[in-house]
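Engineer: Protein chains in written order, with my numbering: chain A, 117 to 173; chain B, 130 to 885. Beta carbons: idealized from backbone N, C-alpha and C, even for Gly.
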Amino acid sequence: MQWYEILIVVACVLFVGGVIAKKLWDKAHGKTGCDCGCGNGKNCPHCVKNPDRKTQR
Amino acid sequence: MKKFALAGNPNCGKTTLFNILTGSNAYVGNWPGVTAEKGEGVYKKGSEEVDIVDLPGIYSLSPYTSEEVVSRNFILDEKPDCVINIVDATNLERNLYLTTQLMEIDVPIIIALNMMDAVEKNGDKIDPKLLEELVGLPVVPISAMKGTGIKELMDRAIEVSKTPRKACTVLHNSPIAHLVGDVAIALEAKGVAAPLFHAVKLAEMDEIEVNMHRDIIHMVDAFKATFADDTFGTDIEAIIADARYKYITSEYVKAYTRNPRSDDSKSDKIDRVLTNKWAGIPIFLLILFAIFHCTFSESFLFSASWGLPSLEELGLLVDGEPANFGVALLACLYDGAIYSPGVIINNLWNDVIVGNLFGLVNGWVEQIPAEWAVGLINDGILEGLAAVLSFLPQILVLFLFFSILEDSGYMARVAFILDRIFRKFGLSGRAFMPMIMGFGCSVPAMINTRTLADEKEKTATVRVIPFFSCGAKLPILTAIAGAIVMRFGWGNADLITYSMYVLGIVTAIVSVILMRSTTMKGEVPPFIMELPAYHAPLFSSLMIHLWDKTKHFIKKAFTVILASTIVIWFISHFSFDWRMLSDEQINESILAGVGKLLQPVFTPLGFGAQLTEWGWVFAVAAITGLIAKENVVATFGTLAACVAGAVVAEDEEGISYVVAMVNATGITVPALLAFIVFNMTTIPCFAAVATARGELPTSKSFKWTIVFWLAASYIASAVVYTIGSAWWTLFIWLAVAIIVGVTIHFVNRRSKYAVV
């Protein structure tokens, strides 16, 4: 394999790994990442789970 | 940092004000109940920062709904430095009812008199200074939509927050004034904060207060034993509500002068037509069709039947290609028929921007000496991305139309119109609001089901929300509908897309009927909703909606979709013994292996074992769609270059990939329609599944929901495929439906008699 082929493979692995890691990180922090038009802001009640939700229900 | 809370009735403009103050773009809709949970942002004035909390809309501080509990708990427990009470000036009396409750809490309050522009437009008058004197709270007239009066409001709110405020009540002349006074003194002696508020609520026998102050409840019981109102008897809650309204109408309304010549408002006149008992639903279906026609039709206003000449007949094509750039541009608008605005924008985007940009990158990539790398980047990544991005304009056009309907106030009317029908199926019109939000995205739609008080109605609604096709499913619909027209010359793309949307709604209705008559029986709660006034949507607000949608779509395309196309390319070019395969060998790949394993499952749906050796592509696309629905078309794009016999046309990017797959697999039109239905109604994307898990009451109901989605999608697609392939099977399905219906009816009747 040439150096640029290794580079492409490494870039692909890093990118896919990064996307999966980001999704897991968001999930761990309660962000569902919706299409509501909030831009996934930390202030969006749709994207960020409310820790009080169970008590509210 | 100071903390201000925005409180007010539903749909009075709290979130619009919140967005102006904080620079946020939280979801704003012209119907009551859009905000189900509190949102937070920061307002900056010079070096000073104020934390702004947008509370859900409420009519009272009694804990009847989850929104009321959220707002009440926040004001009482978090003790904001100031409550900005937004009052809809066009509904002054009803909005001030909440004000009379807020003023019973020891917290600084300022009234933002919103929609003053609408009051003036009606020819009515409100004197803010007089209102301020009468209510005893600062009043600032504003228009949150136009952004007027905001600076003055915040300046005065900051000023007001510096001085503590003593609670007061309008109940001092009511028959229960003594009771409230005595209970308040008792509570104050106990050291309870906001004693006046708690005293009034205790007198109302508010559930929360009764549990908190059991030692004082005897005072209320003793009072009730010796007291009876002529009208309300001992119903103290009704007496208090009546006293509040009487006070508002006798005192506060002095500041309001109604235009003597005003009769029915413009909204009332429009409603006479749009919410008409007979015409309401046909008008809604007609509007919906008009939207789809304007977005997807290649024969705008049915211009294909006008006998217009094609570009070839006009001699503007050379070897089938536009003679020059001008003709290329004209081809985006017209070719024997005028294209709809959605198609025109789509053509311009694909031909001028996506085509040229991707063509340029393709040229650079081809310089790389490694053939596999060129295949990965050009055929895998770029084709996959192009397939998804090519639908962006049409998604935005459709979303723009839905936003206009929402912002104008029409969607709230549709909920009202549909309540009558929904009620027959076991849901109230309120359930329609989250469903409509489902056309945008299932995630906020599922969260919005919190406005539904009945647990069973809520579960049923969460389950059917994915049937309302979201923006992410649109590329599947458009690509396949376009391919059916292009490859088979069958019907119109707009009509197919519209029919699929309507089919999604029908599947939702049938599912709800089945659920509410079997596992989720129960009374339908009454539906009471204030209809907002019609108003022209704000251009800036629409543009913010569209920009957010674009941003989110592109972000998703360059993260999740891009990562998926890379993974799909790799597993389609490696065999199970980790040998790299050429394009011609992908039938031996890991992806093909998995696809072939799953393929027989889809045979009854038309895209299984009956297809050629490449048929596994459809099974794989359906599975990758579980990550994000856009992946379905991206998968076609990634694999199109490798599938034998698949020839991808230069134009119509996304549609051509499906046409290529149709040619390679031999799939039929009914099977393609069944494929759309399956993807529309099956398990939604990961984000929606995670939200459903959070919103459904138990893990058992969540597991059943997954089973429900799988079963519903399988049955609905099987029905479409079999009827499409052999029309007489319609009678078999009808017979099955009748048997199921009759069985449910008799089982229900038997259990009813058994109970009696």
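Is it buried or exposed for residue 193 of chain B, if we count other Cβ within 10 angstroms and need 16 for buried?
Structural biologist: exposed
Engineer: Looking at the secondary structure, which residues open and close the alpha helix (DSSP H) in which residue 224 of chain B lies?
Structural biologist: Counted as a single uninterrupted DSSP element, the alpha helix (DSSP H) harbouring residue 224 of chain B occupies residues 221 to 231.
Engineer: Thinking just about the alpha-carbon of each residue, which of B:322, B:300, B:316 is nearest to the one in residue 368 of chain B?
Structural biologist: B:300
Engineer: Short check: CB of residue 313 of chain B to CB of residue 328 of chain B, under 8 Å?
Structural biologist: yes
Engineer: Looking at C-alpha atoms only, which residue of B:271, B:453, B:348 is the closest neighbour of residue 309 of chain B?
Structural biologist: Of the listed residues, the one whose Cα sits closest to residue 309 of chain B is B:348.
Engineer: Give, in chain order, every residue of the stretch 686 to 707 of chain B whose Cβ lies closer than 8 Å to some Cβ of chain A.
Structural biologist: 688, 689, 691, 692, 695, 696, 699
Engineer: Tell me which residues of the stretch 806 to 819 of chain B have at least one Cβ-Cβ distance to chain A shorter than 7 Å, keeping chain order.
Structural biologist: Listed by position, the residues of the stretch 806 to 819 of chain B near chain A (Cβ gap below 7 Å) are 816, 819.
Engineer: May I ask you to list, following chain order, the residues of the stretch 478 to 499 of chain B that have a beta carbon less than 9 Å from some beta carbon of chain A?
Structural biologist: 497, 498, 499
Engineer: In whole angstroms, give me the CA-to-CA distance for residue 736 of chain B and residue 544 of chain B.
Structural biologist: 37 Å
Engineer: Among the candidates B:199, B:215, B:176, whose CA atom is the shortest distance from the CA of residue 137 of chain B?
Structural biologist: B:215
Engineer: If we count the other Cβ atoms within 10 Å of its Cβ and call it buried at 16 or more, is residue 595 of chain B buried or exposed?
Structural biologist: buried
Engineer: So which of B:185, B:140, B:523, B:487 has the shortest CA-CA distance to residue 664 of chain B?
Structural biologist: B:140
Engineer: I believe residue 626 of chain B touches residue 601 of chain B by the beta-carbon criterion, under 8 Å. Please report the beta-carbon distance rounded to the nearest angstrom.
Structural biologist: Between residue 601 of chain B and residue 626 of chain B the Cβ distance is about 15 Å, and since that is not below 8 Å, they are no contact.
Engineer: Between the stretch 554 to 565 of chain B and the stretch 640 to 650 of chain B, can you find at least three pairs of beta-carbon atoms closer than 8 Å?
Structural biologist: yes
Engineer: Looking at the C-beta of residue 141 of chain A, does it have a partner C-beta in chain B at a distance below 8 Å?
Structural biologist: no
Engineer: Between residue 524 of chain B and residue 692 of chain B, what straight-line distance do the alpha-carbon atoms span, to the nearest angstrom?
Structural biologist: 22 Å
Engineer: Under DSSP, the beta strand (DSSP E) around residue 133 of chain B begins and ends at which residues?
Structural biologist: For residue 133 of chain B, the enclosing beta strand (DSSP E) covers residues 131 to 137.
Engineer: Strictly by DSSP, which residues pair up with residue 241 of chain B?
Structural biologist: B:215, B:269
Engineer: Using three-state DSSP, classify residue 538 of chain B as helix, strand or coil.
Structural biologist: coil
Engineer: Within 8 Å, do at least three Cβ pairs link the stretch 740 to 747 of chain B to the stretch 794 to 808 of chain B?
Structural biologist: yes
Engineer: Quick one: give me the first and last residue of the alpha helix (DSSP H) that residue 631 of chain B is part of.
Structural biologist: 622 to 646
Engineer: Helix, strand or coil: which one does DSSP assign to residue 385 of chain B?
Structural biologist: strand
Engineer: From the DSSP output, read off the bridge partner residues of residue 277 of chain B.
Structural biologist: In the DSSP assignment, residue 277 of chain B is bridged to B:272.
Engineer: Could you give the C-beta distance for residue 575 of chain B and residue 824 of chain B, rounded to a whole number, given that I count them as a contact under 8 Å?
Structural biologist: 5 Å
Engineer: For residue 509 of chain B, which residues in the same chain have their Cβ closer than 6 Å to its Cβ, ignoring the five residues on either side in sequence?
Structural biologist: 694, 698, 767
Engineer: Three or more beta-carbon pairs under 8 Å between the stretch 423 to 435 of chain B and the stretch 446 to 466 of chain B, yes or no?
Structural biologist: yes
Engineer: Please identify the residue among B:488, B:188, B:204, B:203 whose C-alpha is closest to the C-alpha of residue 374 of chain B.
Structural biologist: B:188
Engineer: Using the Cα positions of residue 857 of chain B and residue 811 of chain B, report the straight-line distance between them to the nearest angstrom.
Structural biologist: Inter-residue distance for residue 857 of chain B and residue 811 of chain B is about 26 Å (C-alpha atoms, whole angstroms).
Engineer: What are the start and end residues of the beta strand (DSSP E) that includes residue 311 of chain B?
Structural biologist: Premise fails: residue 311 of chain B lies in the alpha helix (DSSP H), 306 to 318, not in any beta strand (DSSP E).
Engineer: Can you find the residues in the same chain that come closer than 6 Å, C-beta to C-beta, to residue 417 of chain B, ignoring five residues on each side of it along the sequence?
Structural biologist: none
Engineer: Taking residue 132 of chain B and residue 207 of chain B to be in contact with their CB atoms under 8 Å, please state how far apart those CB atoms are, rounded to whole angstroms.
Structural biologist: 7 Å
Engineer: Does the Cβ of residue 130 of chain B have 16 or more other Cβ atoms within 10 Å, making it buried, or fewer, making it exposed?
Structural biologist: exposed
Engineer: How far does the beta strand (DSSP E) with residue 512 of chain B in it reach, from first residue to last?
Structural biologist: Per DSSP, residue 512 of chain B belongs to no beta strand (DSSP E); it is in the alpha helix (DSSP H), 512 to 518.
Engineer: Using the Cβ count rule (16 or more neighbours within 10 Å means buried), how would you classify residue 117 of chain A?
Structural biologist: exposed
Engineer: Would you report the Cα separation of residue 460 of chain B and residue 607 of chain B, rounded to the nearest angstrom?
Structural biologist: 20 Å
Engineer: Suppose you measure from the CA of residue 119 of chain A to the CA of residue 829 of chain B; what does that come to, to the nearest Å?
Structural biologist: 52 Å
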